[in-house]
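Scroll down for the structure; my scribbles are underneath it.
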Amino acid sequence: MVQRDPGFPGSILTANPKNVEYILKTKSENYPKSDITISMLEDLLGHGIFNSNGDQWRWQRKTASLAFTIRSLRGLMADMVHSEINHRLIPLLEESREKGEVIDMQDVLERFAFDNICRVVFDMDPASLTIN
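Pasting the structure below:
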């Protein structure tokens, strides 16, 4: 799909897994992030793996791939999800029950997923399930 956007002229979006692998892995050097994109995202992403090109990107990708083995991710996720369930999700549900409140489970589970993804990807805890 070709996107017509004044901020990103000639952008192409794809969700095809083969295309994504080709763009992000096989031939990543053919698809550098523009200086404008890097500048716009710098405050949010710094110069990490999601906002770098060339040798810097390759070094960060290699380092990250060593850290993210299936076994280590499985253990990390299990610990994080267990903690999130016991320390945030269950207390939130119990408080709602005690107060007789109706809660939107779709919203709660979206926040649960968001917190866990932020902790894994950005090492940041938005704590969106914290009671308050």
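Just so we're on the same page, this note's numbering is the position in the sequence shown counted from 1, plus 10. From the three backbone atoms N, C-alpha and C, an ideal C-beta is built for every residue, glycine too.
Check                                                                                    : Outcome
I22, DSSP secondary structure in three states                                            : strand
Meets three-Cβ-pair contact criterion under 8 Å: the segment 56-63 and the segment 81-88 : no
Exposed unless 16 or more other CB atoms sit within 10 angstroms - verdict on N26        : exposed
Cβ pair count under 8 Å reaching 3, the segment 104-118 against the segment 59-78        : no
Continuous alpha helix (DSSP H) stretch holding F132: start and end                      : M115 to F132
Per-residue DSSP class, three states only, for G58                                       : coil
For S93, three-class secondary structure by DSSP                                         : helix
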